[in-house]
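Numbering-wise, the sequence shown is residues 506 to 557 according to my numbering.
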Amino acid sequence: MQNDISVAALCLNLEQKLMEVWNNELTLERYRKVLAEFTVFAGNSSYSQSLG
């Protein structure tokens, strides 16, 4: 299990999982837009699984 992961990497992982689950390009495009905006907002922040 990873302890720390960058927000950008976390969003990329989420997008890849969503692509596996959904085949609807419009839904994926909405998520991509939100994830891109969140990545910009978060900057170089990291997510710590130990902190939650």
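Don't be surprised by glycine CBs; every beta carbon is placed ideally from N, CA and C.
Contact check, residue i vs residue j, beta carbons under 9 Å
i	j	result
Ser555	Ser511	no
Euclidean distance between Cα positions of residue i and residue j
i	j	result
Val545	Ala514	12 Å
Cys516	Met524	12 Å
Glu534	Asn508	29 Å
Ala541	Ala547	10 Å
Glu543	Ser553	Looking at the sequence itself, residue 543 is Phe, so the reference to Glu does not match. Rounded to the nearest angstrom, the two C-alpha atoms are 17 Å apart.
Leu493	Glu530	Residue 493 falls outside the range modelled here, since the chain spans only 506 to 557, and no answer is possible.
Opposing strand residues paired with residue i [DSSP bridges]
i	result
Ser511	Ser551
Reduced DSSP secondary structure (H/G/I, E/B, other) of residue i
i	result
Asn528	coil
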